[in-house]
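Q:
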Amino acid sequence: NEQRVANAYRRAEQQARDDCEESLKQALKVRDEAITQALKYREEAERQASDAYQKADAQTEKASDKAIAKALRSRDEIIAKAWQIREETMEQAWAIYSKLTRQQGKE
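So the sequence shown is numbered by this note's numbering: it starts at 7 and just counts up by one.
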């Protein structure tokens, strides 16, 4: 009877380890996806900002003061949105990382 209890305990312990490992793998996958997405957002934001800046720069030569101000606001809004997306994504990635770190600390 003690042997059965010991075996059951070992199986439960192994299952818990396996479950924890699977959870960790999934969390790492989510974290990696979040980081990848954050990098994509940043690259796209940088591209948009660069495009907007180049467009604004070209318009500056021909445009009136009103058009210049509008182009600069557009560029600033794109840059601000890009930073907002980057910050939100990095916060999500950090939250996932923190959760993983806490889970690993409990093991």
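Note that the Cβ used here is the ideal one computed from N, Cα and C, for glycine as well.
Going by the beta-carbon positions, is the gap between Ala-33 and Ile-85 smaller than 8 angstroms?
A: The answer is no: Cβ separation not under 8 angstroms.
Q: Should the region 13-31 be regarded as contacting the region 48-59, the criterion being three or more beta carbon pairs within less than 8 angstroms?
A: no
Q: Taking just the CA atoms, how far does Glu-94 sit from Ser-70?
A: CA-CA distance, Ser-70 to Glu-94, rounds to 36 angstroms.
Q: So, helix, strand or coil for Ser-29, using DSSP?
A: helix
Q: If we ignore side chains and look at the alpha-carbon of each, how far apart do Arg-10 and Lys-105 end up?
A: 35 angstroms
Q: Could you spell out the range, first to last residue, of the alpha helix (DSSP H) harbouring Arg-70?
A: In the sequence as presented, Arg is not what sits at residue 70; that position holds Ser. Taken as a continuous stretch (DSSP letters only), Ser-70 belongs to no alpha helix (DSSP H), as it is neither H nor E.
Q: My output table needs one value for Asn-13: the three-state DSSP class, helix, strand or coil.
A: helix
Q: For Arg-6 versus Arg-92, is the C-beta distance shorter than 8 angstroms?
A: Nothing about residue 6 can be read from this structure; the chain reaches only from 7 to 113.
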